[in-house]
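Engineer:
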Amino acid sequence: MSDQMLILIALAGIFLLLFLVIRTKLHAFVALLVVSLIVGILAGMPLGDVVDTMEKGMGGTLGFVAVVVGLGAMFGQMLEVSGGADRLARTMINRLGEDKAQWSLGITGFLVAIPVFFDVGFIILVPIVYGLAKKTGKSLLYYGIPLLAGLAVTHSFIPPTPGPIAVADLVGADLGWVILFGALAGIPSMIIAGPLFARYISKRLHVVVPEYMNMEEVEYDRELPSFPLIASIILTPLLLILCNTFSDFFLDEGNIARDIFTFLGHPFVALTIATILTFIFLGTKRGFTRQEVQDIANKGLEPAGIIILVTGAGGVFKEVLIQSGVGDVIGNMMAGSNLPPILLAFLIAAAVRVAQGSATVSMVTAAGLVAPLIDILNLEGPILGLIVIAIASGATVLSHVNDSGFWLVGRYFGLDVKDTLKSWTVMETLIGLVGLSVALLLGIFIS
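So this is what it looks like as structure tokens:
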């Protein structure tokens, strides 16, 4: 089969995926599987090989992603139920003062979204935004945008959140590099799209707490966990994973310390340790029974299941592209482009994001398309971490009416579509563009 025909098949597959998700409202998990089947058959793969390839793609992806996302979901659920997220916000505001509440909320969002899903973190912390806006008379956006920026940046850039975990696995990137580059790209993204943009937009859009969201501030019936405890538990898995990555550079192979860091810093081990710490110090030590801790953990796995399956289907799509030969053609075509791989990865993810809305689907689709290019160019090491950040950045920009986050923010802030575009959409786009800029800058020094 000619290269031109394989490219047409790939393009048809992508358009079919978008049609199924957008127009027919077919679940992304099923849509990715259907498209993978059709692409494999049209590309001339034997029917038995199509099924075997799909099984290989699903198993190879879920072997890593399911464990990490599952542990992260339980970790985050314990943080939510214990009041840990609320403690972070209150302590940051108390220590920095209300005059620096923007920065407190941005930093809090940045930390909270490491273990907690974006929408959950926002819903938990938005009452604090309401309280500050009422007290100071300032626009809700003055405090809300920094919180949203902090949550969105970490949700897109820093494992163990599902998006970067999925992309890192699909492109073969080391999580240590993803965490490091995610922080380097995320901090300036949070500052520019958060406090700085909030000062600008809040002067042009004065938003008050919507009447239907007026509520009494929730008080916990038990003492909140301490700030040092929460910060330590959140940072433990990140530091262990980073130690694993850097031990490969600074310690010789066979060194006992390197072996220990490699073991403790594997995402499975690091997140297992962190999750057990939450069960003990945020669970049983704080009065929860063992059964209650188990119920909380089970509750956390409910939303994780959907993300795990969509990511697995993304792995199926990637594997079919590779085994059918379509991936090699796409990879060679992209390799012949004058654009750097980091920018190509961003543009592909951004195109899918604008078309169908879901950041997760955009990430896994873009990763599947970019993976063959990585093999053809023999890319490895730190550059793969930057490609993950580029894909995450592309999947963040230009959130609009086909994105559930767009409507969530609009409802909680009482914004119409026009004002949500002016605030939330611009904030998301700033995050993506700053993230891309940092990735391209770092790419100059790494390549």
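Start counting at 1 in the sequence shown, then tack on 292, and there's your number in this note's numbering. Cβ atoms here follow ideal geometry from the backbone N, Cα and C, with glycine treated the same way. Note that this is a predicted model, so its numbers are computed, not measured.
1) Kindly provide the ranges of any alpha helix (DSSP H) runs that are 4 or more residues long and lie completely inside the region 554-610, ordered along the chain.
2) What is the C-beta distance between T345 and G332, in whole angstroms, given that I count them as a contact (C-beta under 8 Å)?
3) How many angstroms separate the CA atom of P664 from the CA atom of V656?
4) For a test of the three-state rule: what should DSSP assign to S629, helix, strand or coil?
5) Counting Cβ pairs closer than 8 Å, one from the region 523-536 and one from the region 544-560, do we hit at least three?
6) Return helix, strand or coil for E503, following the three-state DSSP convention.
7) Which of the three DSSP states is assigned to V408 in this structure?
8) Should the region 472-484 be regarded as contacting the region 395-407, the criterion being three or more beta carbon pairs within less than 8 Å?
9) From G429 to S494, what does the alpha carbon distance come to, in whole angstroms?
10) Regarding I738 and the ligand SAH, is the C-beta to nearest heavy atom distance less than 7 Å?
11) Can you tell me whether DSSP reads T316 as helix, strand or coil?
12) Less than 8 Å separating the beta-carbons of I450 and I416?
13) Is E720 helix, strand or coil by DSSP?
14) Can you tell me which of the three DSSP states N547 falls into?
15) At which residues does the alpha helix (DSSP H) containing P452 begin and terminate?
16) Taking the C-alpha atoms as reference points, what is the distance between G442 and M297?
17) A320: buried (16+ other C-beta within 10 angstroms of its C-beta) or exposed?
18) I'd like to know whether the C-beta atoms of E682 and A637 end up nearer to each other than 8 Å.
19) So, are the CB atoms of G375 and L516 less than 8 Å apart?
20) Here's the rule I'm using: 16 or more other beta-carbon atoms within 10 Å means buried, otherwise exposed. How should F542 be labelled?
21) Identify whether E508 lies in helix, strand or coil by the three-state DSSP scheme.
22) Whole angstroms are fine: how far does the CA of A460 sit from the CA of L676?
23) Among the candidates S729, V500, P487, T567, whose CA atom is the shortest distance from the CA of V359?
24) According to the Cβ coordinates, are A444 and T688 closer than 8 Å?
25) Helix, strand or coil, according to DSSP, for P517 in the structure here?
26) Suppose the cutoff is 6 Å on Cβ atoms and the five residues either side in sequence are ignored; what does the same chain contact list for F367 look like?
27) What is the DSSP secondary structure of D344, counted as helix, strand or coil?
28) Would you kindly report the start and end of the unbroken alpha helix (DSSP H) that includes A335?
29) Using beta-carbon positions only, say whether G607 and G352 come within less than 8 Å of one another.
30) Taking the alpha carbon of S448 as the point to measure from, which residue in L732, L678, F705, L733 has its own alpha carbon closest?
31) Between the alpha carbons of L308 and G389, how many angstroms are there, rounded?
32) Which residue from E594, R387, I437, L310 puts its Cα closest to that of S650?
33) So what's A465 in DSSP terms, helix, strand or just coil?
Structural biologist: Per the coordinate set shown:
1) Here the runs fully enclosed are 559-573.
2) Contact holds; Cβ gap of about 6 Å.
3) Spanning the two alpha carbons is a distance of roughly 14 Å.
4) In the structure shown, S629 adopts coil according to DSSP, grouped into three states.
5) The way I'd put it, the region 523-536 does touch the region 544-560; three or more beta-carbon pairs between them come closer than 8 Å.
6) The answer is helix: DSSP assigns E503 an H, G or I state.
7) Look at V408 here: in three-state DSSP terms it is coil, with no helix or strand label.
8) The way I'd put it, the region 472-484 does touch the region 395-407; three or more beta-carbon pairs between them come closer than 8 Å.
9) Counting only the Cα atoms, S494 lies some 11 Å from G429.
10) Here there are no bound small molecules, and the ligand SAH is not part of this structure.
11) Of the three classes helix, strand and coil, the one that applies to T316 here is coil, per DSSP.
12) Contact flag unset, no.
13) Helix at E720.
14) Residue state, collapsed to three classes: coil.
15) From DSSP, P452 is part of no alpha helix (DSSP H); its letter is neither H nor E.
16) Our two residues, G442 and M297, have alpha carbons roughly 44 Å apart in a direct line.
17) Result: buried.
18) Note that residue 682 corresponds to Ala in the displayed sequence, not to Glu. With respect to A637, A682 sits close: the two C-beta atoms are nearer than 8 Å.
19) Contact check for G375 against L516 passes: the beta carbons are separated by less than 8 Å.
20) Burial call: exposed.
21) Unreliable placement is indicated for E508, whose pLDDT of 46 sits below 50; the coordinate value is still reported in the next sentence. It is coil, neither helix nor strand.
22) The straight-line gap from Cα to Cα measures roughly 8 Å.
23) Comparing alpha-carbon positions, the option among S729, V500, P487, T567 lying closest to V359 turns out to be T567.
24) Taking 8 Å as the Cβ cut-off, A444 and T688 qualify as a contacting pair.
25) The three-state secondary structure of P517, taken from DSSP, is coil.
26) For F367, where only same-chain residues beyond five positions count, the Cβ hits under 6 Å are P407, A566, T567, T570.
27) Here D344 sits in helix by DSSP.
28) Here A335 belongs to no alpha helix (DSSP H), and DSSP marks it neither H nor E.
29) For the 8 Å CB-CB criterion, G607 and G352 form a contact.
30) Taking only the C-alpha atoms, the option nearest S448 is L678.
31) L308 and G389: Cα-Cα distance of roughly 52 Å.
32) Out of E594, R387, I437, L310, L310 has the C-alpha closest to the C-alpha of S650.
33) In the structure shown, A465 adopts coil according to DSSP, grouped into three states.
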